[in-house]
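Right, one structure below, let's go through it.
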Amino acid sequence: MTTPSLRSRRRSSGRYGRTAAATAALSALALLAACAGPPKGGAGGVEVRLSASTPPARAEIDSFAWALYAEPPTLDYTVAFDYPQNTVLSNVCESLMRWTPQLTLEPGLARRAANPDPLTWVYDLRSGVRFHDGRTMTADDVVFSLGRQTDPKNAAAWAQVFQNVASVRATGPLQVTVRLERPDSQFPQYMATAAGVVASKAGVEAAGKDYGTTGGLACTGPFRLGAWQKGQSIELERFDGYWGAGAKARKVVLRVLTDPSARTNAMLSGEIDGGYLIPTESYARLRESGVGTLYFGEGLSTVNVNITNMKGALGDVRVRRALSLALDRSGFVKAGLGGAGTVTGSLTTRAAWAAAPESALKAAFDGLPPTAPDIEKAKALVEEAGATGKTLTMVTSPIGQDVSLLATAVQAAGTRIGLDIRLKTVSPNAFTALFTDPEAREGVDMFPLTIYNSVTDPLDLLAHFKTGAYLNYAGHSDPQYDALVDKAAAAYAPAERMEIEARLNRLAAERFLWIPVAEWPTSVFLNKRITGAPTTISYMYQPWAASVGAGR
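Residue numbering for the sequence shown is -36 to -1, 1 to 516, as defined by mature numbering (1 follows the signal peptide of the UniProt record, and there is no 0).
See below:
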């Protein structure tokens, strides 16, 4: 099988102290194609062929309707850390750099990036870029926008990206220089995510505390925020003052449809033209309908059981290991992922390791904890830990089978080994709040988590278990692990960095900091009326809707 996949891109070693031209800085971060990702046939025999995009649009279109499984609680880019927020924001707010559908890094609002020494990144900005509020972008807007990510008052989801940043200064009307306290191989990549978004300083300040919830977003993307009917829809209007190639659609209507069946029926009827994160139970129905096409792309995504509380029974690694041993992963992939997935014992996808030398790949994946069920061994571990009969709470939500069936699979696994796992059902909107609101996680021991890499590097996920990390909900803290994260981040040479990351991958897996279940590709459905959308996870940080136009 050959399927498009991805390699990490990073600076090569031996270039410290030299001035890097923009092309050199970008090509040194180039993502190269490789063969990885899920197989053609997952459990259940579903054929999965990965592509980077759908056929290009033939012409412009007046409007199209798109499905969202939940309403964003806010569109403030500093807390854009889940699918609904980023699906909208990627078309409205742009970053210094940009992901492409092939998951390569390219210039965004910065026309070039230079790395003259390991502690310095210089971004030269495009001239004449207009914000949606009519103002023209300057270096001061960039400094302000990045500064919001580190302001404690904002509780930014991306604050960790800036942990090694000493200063962000305007060094010219259209130039921003970032000084690091220590080398950071991850920071330049994150400038293609919501961490690198640039908004109008005047526009954000004028909105005050209402920024992201009412009014405009004062960004630069090919669409501007239109009417937001809370609980129903978000409209995006084409921005004719856009600096780049304009959008093919004059308007996009993103409909909030929290019920999976309602989303599928809306696609089948033509009420909705397309959507990402297709409910897995609808794969076959949509494929066989004849009204459109179901596509798959590289998702850099794993489905996991997120451990949010280690103060109770799950604080004993033997209990976490027992749950992992009791899980029927193959059954879940068949039923919960519609067969379009691959069982895994790794928290990172193999595609994220495509740039790794064979020795690092072997060290990262060989000898990981088993994925086949072993109920007797799991029972023994629970008894040994003194956890028989202990009660645990797992959140579930009617978002789709991938969430609800994983929760019931965990509950069934617990029952088989002597644990009392109780399910707490919440709405899709409440489920997405788990990622940003500590109060939403109170009394919760675990929840289903599908997570994607925001950059194509295993460290993007593995760093979540560093002390104080944003997604480290259970409060894991280990000086040895933290030191390895710092060492990997400081290594610009990919081979050196991934040897370190291999050790982290094994540590995270052996300690069951989360319980990995499966790799899962990105899915997108388009009816015959439209085409042009990317299929990969790039849609999180790339204006995917701008390329959508007439399909016939």
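Quick reminder that beta carbons are idealized off the backbone N, C-alpha and C, glycines included. Small disclaimer: the values here were computed from a predicted structure and weren't measured.
Where residue i falls: helix, strand or coil (DSSP)
| i | result |
| --- | --- |
| L181 | coil |
| Y505 | coil |
| A134 | strand |
| T396 | helix |
| R493 | coil |
| D442 | coil |
| Y41 | helix |
| M231 | helix |
| I363 | coil |
| D384 | strand |
| K215 | strand |
| R284 | helix |
| R516 | coil |
| E58 | coil |
| L423 | helix |
| M358 | strand |
| A482 | strand |
| S310 | coil |
| E252 | coil |
| T414 | strand |
| residue 518 | Since the first residue of the chain shown is -36 and the last is 516, residue 518 is not available in this structure. |
| S511 | helix |
| V129 | strand |
| G208 | coil |
Span separating the alpha-carbon of residue i from that of residue j
| i | j | result |
| --- | --- | --- |
| A(-1) | K165 | Low confidence applies to A(-1): its pLDDT is 33, below 50, so where it sits in the model is not reliable, and the reading given next is rough at best. Cα-Cα distance, rounded: 42 Å. |
| P152 | Y456 | 11 Å |
| G305 | P485 | 7 Å |
| T431 | H440 | 6 Å |
| P48 | A473 | 29 Å |
| F411 | G92 | 46 Å |
| E199 | G179 | 12 Å |
| G6 | L301 | Annotation note: pLDDT 43 at G6 (below 50); position unreliable, no value reported. |
| P37 | L69 | 29 Å |
| R405 | L398 | 6 Å |
| T84 | T157 | 19 Å |
| A509 | A466 | 36 Å |
| V371 | K212 | Strictly speaking, residue 371 in this sequence is Ala, with Val absent from that position. So the alpha carbons of these two residues sit roughly 40 Å apart. |
| L181 | L39 | 8 Å |
| P3 | D204 | With a pLDDT of 34 at P3, under the threshold of 50, the modelled position of this residue cannot be trusted; read the value that follows with caution. Roughly 42 Å separates the two Cα atoms. |
| V488 | A230 | 14 Å |
| N118 | V168 | 13 Å |
| T272 | D26 | 45 Å |
| R470 | E262 | 23 Å |
| N55 | G350 | 52 Å |
| F126 | E322 | 31 Å |
| V216 | E403 | 34 Å |
Reference residue i, options the options, closest by Cα
| i | options | result |
| --- | --- | --- |
| Q139 | V168, Y154, D88 and Q150 | D88 |
| W317 | K354, T420, T360 and D409 | T420 |
| R475 | P71, D442 and M504 | D442 |
| residue 528 | W63, L189, N50 and A120 | Missing from the structure shown is residue 528; the chain here goes from -36 to 516 and no further. |
| A377 | A336, S54, L448 and P402 | A336 |
| I135 | M155, P480 and D105 | Note on residue identity: the sequence assigns Thr, not Ile, to residue 135. When each option's Cα is compared against that of T135, the closest is D105. |
| S368 | K326, L413 and F329 | L413 |
| L468 | N393, S511 and A447 | A447 |
| T64 | R516, E322, I501 and V512 | I501 |
| Y437 | V269, R461 and G331 | V269 |
| G256 | L14, L490, V512 and Y175 | L490 |
Where the alpha helix (DSSP H) containing residue i begins and where it ends
| i | result |
| --- | --- |
| V408 | From DSSP, V408 is part of no alpha helix (DSSP H); its letter is neither H nor E. |
| E322 | E322 to F329 |
| P186 | Element bounds for P186: n/a, residue is neither H nor E. |
| E199 | First-last for E199: S197 to R202, but that is the beta strand (DSSP E), not the alpha helix (DSSP H). |
| Y434 | Premise fails: Y434 is in no alpha helix (DSSP H) and is neither H nor E. |
| Y175 | Per DSSP, Y175 belongs to no alpha helix (DSSP H) and is neither H nor E. |
Terminal residues of the beta strand (DSSP E) in which residue i lies
| i | result |
| --- | --- |
| F28 | I25 to L32 |
| E262 | G256 to I271 |
| D105 | Not the beta strand (DSSP E): D105 falls in the alpha helix (DSSP H), residues A103 to T114. |
| E70 | L69 to P71 |
| D88 | T84 to L89 |
| N79 | A74 to D81 |
| Q139 | Q139 to L144 |
| G238 | G238 to Y240 |
Closer than 7 Å: residue i CB and nearest the ligand COA heavy atom
| i | result |
| --- | --- |
| W30 | Judged by which ligands are present, the structure shown has none, so any question about the ligand COA falls away. |
Interface flag, residue i vs chain C, CB-CB below 8 Å
| i | result |
| --- | --- |
| S197 | Of the protein chains in this structure there is only one, and it is not chain C. |
(request) Report yes or no: do the stretch 343 to 356 and the stretch 375 to 390 share at least 3 C-beta pairs separated by less than 8 Å? (result) yes
(message) Tell me whether the stretch 198 to 214 and the stretch 22 to 38 touch, counting them as touching only if at least three CB pairs, one residue from each stretch, are closer than 8 Å.
(response) yes
(message) Three or more C-beta pairs under 8 Å: does that hold for the stretch 275 to 289 against the stretch 325 to 343?
(response) yes
(message) Three or more C-beta pairs under 8 Å: does that hold for the stretch 72 to 84 against the stretch 44 to 62?
(response) Yes: the two stretches touch, three or more of their Cβ pairs being nearer than 8 Å.
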